[in-house]
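Everything on this sheet refers to the single structure shown next.
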Amino acid sequence: MAGTGLLNYLESLDRFRETGATDRTQLYLEGRFGDAVFAGLRASATPAKRKFALGSFKVDRLLVKPWGVRAVVEVTATILDKAEGGIEPDQSETGRLRMVGDKPFVVDGWDSANRRWFNGPQALTPEALRSDVTQPLVNLLHSETWIPGSALETAFGAGGDTPYFRARHEYLNKLDRAATPTRTFADVIATIERYETFNEIRDGVATVRLNGTVVTTDSSGRTARAPFERRAVVLIGNWMPEVVDEQITGATWLSGGDLALGVRDHNFA
4 MAGTGLLNYL
14 ESLDRFRETG
24 ATDRTQLYLE
34 GRFGDAVFAG
44 LRASATPAKR
54 KFALGSFKVD
64 RLLVKPWGVR
74 AVVEVTATIL
84 DKAEGGIEPD
94 QSETGRLRMV
104 GDKPFVVDGW
114 DSANRRWFNG
124 PQALTPEALR
134 SDVTQPLVNL
144 LHSETWIPGS
154 ALETAFGAGG
164 DTPYFRARHE
174 YLNKLDRAAT
184 PTRTFADVIA
194 TIERYETFNE
204 IRDGVATVRL
214 NGTVVTTDSS
224 GRTARAPFER
234 RAVVLIGNWM
244 PEVVDEQITG
254 ATWLSGGDLA
264 LGVRDHNFA
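Per the numbering used here, the very first residue in the sequence shown carries number 4; after that it's consecutive.
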């Protein structure tokens, strides 16, 4: 997996260099590390067309999440920069690279001059966390919102089945669309109560409290408004942020205590 991630990284550098290496934003590497790579590409440019190749590498460090999913891989790699057709000598450099994800991809490199990683540990700001949890919560309420003629939503996206998904399906199937032709939500406020994360990566699990009003219209046309409070657990990991558990009524969580993070926390692309 680490070797594949390194080859993907080198292929991305080749593609970038083919564009002429003039637009830093197209490099898709963040921070000081992206700046260093961009400067290196410019400094090593030659008239001959060149292509990167992986000489060798060794894994220096591997971190996994408590549920067994790969989180961080650090490697020492020798990268060759070959001129096509053997017109010019190969360039070679050995250094440390940092990769994240269950399908590891390069996000950082070792700054030997300052004896630190160029970018350092990833962190999720409060603003980014709020942004990440918003869409899965919108999707959650949207799947149990309807008006006359709207389609029934049942899809939960890619990935494996979990106790929560099964319980969620059961909950949705019990909602009576015939007796309640219209069901919407109003004045919804989401409050992040807790975010459990790691020292070196931004991934984690957020517990969010939802407060608002359920607005329903029955078959006779009468409208009712009822306040609600519920909680949801949002996984921010290797896939799009998604709800992995809910507490809809009382203190019972739909997952039964099994979040199945080892099933859901993968890159399904």
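Built from N, CA and C at the ideal position, the CB exists for glycine as well. In this text, all values refer to a predicted model and were calculated from it rather than measured experimentally.
So if DSSP puts residue i in a beta bridge, which residue, or which two residues, is it bridged to?
i: residue 96; result: 82
i: residue 140; result: None; residue 140 has no bridge partner.
i: residue 111; result: 101
i: residue 151; result: Beta-bridge pairing links residue 151 to no other residue.
If distances are taken between C-alpha atoms only, which option among the options comes closest to residue i?
i: residue 32; options: 13, 42 and 110; result: 110
i: residue 161; options: 250, 44, 147 and 242; result: 242
i: residue 124; options: 218, 102 and 106; result: 102
i: residue 92; options: 64, 55 and 108; result: 55
i: residue 191; options: 166, 231, 226 and 172; result: 231
i: residue 178; options: 217, 205 and 11; result: 217
i: residue 41; options: 129, 112 and 69; result: 112
i: residue 188; options: 196, 220 and 28; result: 220
i: residue 226; options: 201, 186, 143 and 126; result: 186
i: residue 23; options: 12, 7 and 44; result: 44
So residue i is in the beta strand (DSSP E); what residue range does that whole segment cover?
i: residue 250; result: 245 to 250
i: residue 31; result: Per DSSP, residue 31 belongs to no beta strand (DSSP E) and is neither H nor E.
i: residue 186; result: 185 to 200
i: residue 58; result: 53 to 67
In this structure, does DSSP put residue i in helix, strand or coil?
i: residue 240; result: coil
i: residue 77; result: strand
i: residue 21; result: helix
i: residue 255; result: coil
i: residue 46; result: helix
i: residue 221; result: coil
i: residue 72; result: coil
i: residue 156; result: coil
i: residue 213; result: strand
Just to confirm the assignment, what range does the alpha helix (DSSP H) spanning residue i have?
i: residue 177; result: 166 to 177
i: residue 267; result: 264 to 267
If contact is defined by three or more beta carbon pairs under 8 Å, each pair taking one atom from either stretch, is the segment 81 to 91 in contact with the segment 42 to 56? yes
Does the segment 141 to 156 come within contact of the segment 253 to 264, defined as at least 3 CB pairs closer than 8 Å? no
Indicate whether the contact test is met: 3 or more Cβ pairs, each with one atom in the segment 131 to 145 and one in the segment 199 to 212, closer than 8 Å. yes
Would you call the segment 53 to 72 in contact with the segment 7 to 21, where contact means no fewer than 3 C-beta pairs closer than 8 Å? yes
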